[in-house]
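Counting from 452, one number per residue, gives the positions in the sequence shown under our numbering. From the three backbone atoms N, C-alpha and C, an ideal C-beta is built for every residue, glycine too.
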Amino acid sequence: PGPTAPYTGMLPGFVAGHYRRDDLSIDLVQLARFANARLILGAASGIDRASRHIHVEGRAPIAYDLAAINIGITSDLPSLPGFAEHAVPAKPLGMFARRWSAFRAAVQRGEMPADIAVIGGGVGGVELALAMAHALRQDGHGAAVTIIEKGRALPGLGPRARAALLDRLTGLGVVLIEGAEPRRILHDAVQLGEDRVVAARLTVGTAGARPQGWLAGTGLDLAGGFISVDRQLRSSDHAIYATGDCAHLPDPRPKAGVFAVREAPVLLHNLRAALGGGKPRSYAPQRDYLKLISLGGKSAVADKFGLRLQGAWLWRWKDRIDRKFMRKFTDLPPMPAPALPRRVADGVIEALGTKPACGGCGAKVGGETLAGVLATLPEPGRADIRNGPGDDAAILRVGGTEQVFTTDHLRAFTEDPFVMARIAAVHALGDIWAMGAAPQAALAHVILPPMSARMQGDWLQEIMAAASQVFASAGAAIAGGHTSTGAELTIGFSVTGLLDGPAITLAAARPGDALILTKAIGSGTILAGEMARRARGDWVAEALLAMSVPQGAAAGILTTAHAMTDVTGFGLAGHLMGICRASGVAARLNLDAIPLMTGALDLARAGVRSSLYDENRKTAAAMALPDDPRADLLFDPQTAGGLLAAVAPDRAAACLQALQKAGITAAHIGGITEGSPFISVDYSVSRLT
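Here it is as structure tokens:
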């Protein structure tokens, strides 16, 4: 469901303060790019085994031939009154990590006492309690940490290792209550009986391994809610495999990550065998395994075959093992340069560059090249067709009605056709919204990469479902379209819109107008960084989400704008220059006020650039720019970017307030000035880096 996956073996070290959150996070976006895998950022919610589709919240179902499930477990306690409102499960990690960080910060600020209750006295609960007690002690606070266990704590451990952990609990002042079961969770306590409560401003659930609830609706054979598998890791439906904590093995084992890691090669072999023919392998889990358990500080205890080893050297050993494991996911080979034949014509290498070409608007033809070609075309020569210089869409007169018409398509930059189609639809609608029109109808243009007929149908279904959502929410309908096959996925739309008054063009900006931008910039740089495996997964996920946000609501608020455009392939500077040239004015930008996507500035500082950057940079000839990486982002091509509007000064504050109230990332970034087309850039010297 998110762009990262946590390695829980390092969770106690993170809680204790020995690791940063990034140290135990596997970046799935970078890993998927390295593996040429399609990553879907969404939560699975069910399986339709008859049609072989996975259901994911908020999107079209995803087809499969074979499916492998490894969704882990949860330590949620849904039947315990008050748990959902006042407690947090230790798994999955994301929610717990946020709650722990917020609690620790609040204790440091003196806003609440350091009272913690841990429900569950297994190895995980004890290790977590020790880590929290150590961290708060390091912060200078006397933590009151209590472990509540309905049975006997630390079952399954050898007596020597168990004794070491109990001694450590005593040493850190952690209270262990055995033979007690919580009845209710309150906002500041855990109620054990009628007259017995444990003070707790943070209550953490670690009691047992609970299966994800949606597995009960799959119709698969389950054991205690977990998926029963055979020795080949197949479920009762042989098209579905399961591994890790969500699987129940023929010879059951504890819920521990060591088994999932060792199941992986067998799973890979058996999936390949099922798809291409071959003999499956059986998985034989080991009888026992080495448990290295952190003691809060940088020391650990080991348990295997009843033996006990303890000391700082064990923690260092565990740390080396964990970091070596994580390096397998982070130390990936660098992105290769595009393959070229040994003999090429002059200019080929310069034209292709030293990296793969960008998708989205980064794949557009440069503005000067395009303008040169368009200048050779004849004027429409018809009174019912009107095009101003650089207008976002053509204006057609049909009877007494004016209609705007535009077309746009994007080379895919994500392996997820649903997300790509949603972004392409929002992008194509940008020209309609920018001219103040109401979206009316769309024709789809889809190029699919080579694939089987069934997969073509599955991908088209996802593409059209996403596009239909976007156009329907905008008040438009998909009237048809055209499909073909080609080398790679490309999605585009031709769109019409109806005008209820004069079109908003580029040509009516006036000196004194305020410039308002409705989305942050930086998507081209982030997408280029993602292709090079230099962008963090959470940056990419945030950028994809921003590109998926329609601009209809923003356009409705900006209906009084004198001039407006959508910021796309030519970047903020290029599109603003389009307004300046069409209106015969100059402009001023406040670099400090321009919103940037998270991570875009970091990548710009590192020299990451989109394929179209150099062409867009030619706009700088009519600009006064500081030597600042933020200025480079003015030339960054945007996909499904925001609206750039020139608004009368007496309307600007009200428009900005309305946009922000509607949840739109809008900013007043500068203004229109008198003069020939030129853009000056103001900036704070203190922010130069």
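{"Query": "Is the distance from the Cβ of T525 to the Cβ of P662 below 9 Å?", "Result": "yes"}
{"Query": "Just the C-alpha distance for A802 and A790, rounded to the nearest angstrom, thanks.", "Result": "13 Å"}
{"Query": "With respect to the alpha helix (DSSP H) encompassing T781, which residues constitute its N-terminal and C-terminal limits?", "Result": "A763 to T781"}
{"Query": "So what does DSSP say about G943, is it helix, strand or coil?", "Result": "strand"}
{"Query": "In the DSSP assignment, what residue or residues form a beta bridge with M1015?", "Result": "A1096"}
{"Query": "Examine chain E for any beta-carbon lying closer than 9 Å to the beta-carbon of G851, and answer yes or no.", "Result": "The structure shown has no chain E; it contains just one protein chain."}
{"Query": "When the Cα of I636 is compared with those of E1066, V539, S1061 and C809, which residue comes out closest?", "Result": "V539"}
{"Query": "Could you work out which residue in I883, A925, A541 and P953 is closest to L1094 when comparing CA atoms only?", "Result": "I883"}
{"Query": "Under the rule that 16 or more other beta-carbon atoms within 10 Å means buried, what is N1205, buried or exposed?", "Result": "Outside the displayed span of the chain (452 to 1140) sits residue 1205, for which this structure offers no information."}
{"Query": "With distances taken from CA atoms, which of G887, D867 and S935 is nearest A916?", "Result": "D867"}
{"Query": "Quick one, which of S945, D590 and L490 has its alpha-carbon nearest A927's?", "Result": "S945"}
{"Query": "Check whether the stretch 605-613 and the stretch 573-582 touch, using three or more Cβ-Cβ pairs below 8 Å as the test.", "Result": "yes"}
{"Query": "Output needed for N521: all residues of its chain with C-beta closer than 6 Å, excluding positions within five of it in sequence on either side, in chain order.", "Result": "T694 and G695"}
{"Query": "Using the Cα positions of V1132 and A698, report the straight-line distance between them to the nearest angstrom.", "Result": "59 Å"}
{"Query": "Is the number of C-beta pairs between the stretch 942-958 and the stretch 871-891 that are closer than 8 Å three or more?", "Result": "yes"}
{"Query": "In or out: S924 buried (at least 16 other Cβ within 10 Å) or exposed?", "Result": "exposed"}
{"Query": "Mark R555 as exposed unless 16 or more other C-beta atoms lie within 10 angstroms of its C-beta, in which case mark it buried.", "Result": "buried"}
{"Query": "Taking the Cβ atom as the reference point for each residue, do G668 and G497 lie within a distance shorter than 9 Å?", "Result": "yes"}
{"Query": "Do you know how far the Cα of D909 is from the Cα of A514?", "Result": "6 Å"}
{"Query": "By the three-class DSSP mapping on this structure, what secondary structure does S1137 have?", "Result": "Note that S1137 scores a pLDDT of 47, beneath 50, so its modelled location is shaky and nothing firm can be said."}
{"Query": "Excluding the five sequence neighbours on either side, which residues of its own chain have a C-beta within less than 7 Å of the C-beta of D843, listed in chain order?", "Result": "T857, D882, A885, M886, T1016 and D1017"}
{"Query": "Quickly, what does DSSP pair Y692 with across the bridge? List them, please.", "Result": "A519 and R685"}
{"Query": "Sort out for me which residues DSSP pairs A677 with in a bridge.", "Result": "Note on identity: in this sequence residue 677 is Phe, with Ala being the wrong assignment. Answer is A674."}
{"Query": "Compute the beta-carbon to beta-carbon distance between L492 and P452, rounded to the nearest angstrom, for a pair I have assumed lies under 8 Å.", "Result": "7 Å"}
{"Query": "Taking just the CA atoms, how far does G630 sit from R1138?", "Result": "Interpretation of R1138 is limited by its pLDDT of 49, a score under 50 that renders its predicted location unreliable; no figure is taken from the coordinates."}
{"Query": "To which residues of the same chain is A1109 closer than 8 Å at the C-beta, ignoring the five residues directly before and after it?", "Result": "I1008"}
{"Query": "Identify whether L581 lies in helix, strand or coil by the three-state DSSP scheme.", "Result": "helix"}
{"Query": "Using alpha carbons as the reference points, say which of N721, F710 and L531 lies closest to Y692.", "Result": "N721"}
{"Query": "Going by CA-CA distance only, name the one from V480, A595 and V596 that's closest to A983.", "Result": "V480"}
{"Query": "From which residue to which residue does the beta strand (DSSP E) around A1204 run?", "Result": "Residue 1204 is absent from the model: the chain starts at 452 and stops at 1140."}
{"Query": "Please check the pair V1098 and H1026, which I expect to be a contact at CB under 8 Å, by giving their CB distance rounded to whole angstroms.", "Result": "No, V1098 and H1026 are not in contact; Cβ-Cβ is about 16 Å, not under 8 Å."}
{"Query": "For the stretch 985-1070, list the beta strand (DSSP E) runs that are entirely contained and at least 3 residues long, ordered along the chain.", "Result": "1014-1017 and 1037-1041"}
{"Query": "Return the residue from the list A751, A965 and A1037 that minimises the CA-CA distance to G1126.", "Result": "A1037"}
{"Query": "Please classify H720: does DSSP put it in a helix, a strand, or coil?", "Result": "helix"}
{"Query": "Tell me, which residues are paired with E853 by DSSP?", "Result": "R848"}
{"Query": "Are the Cβ atoms of I1130 and A1057 separated by less than 9 Å?", "Result": "no"}
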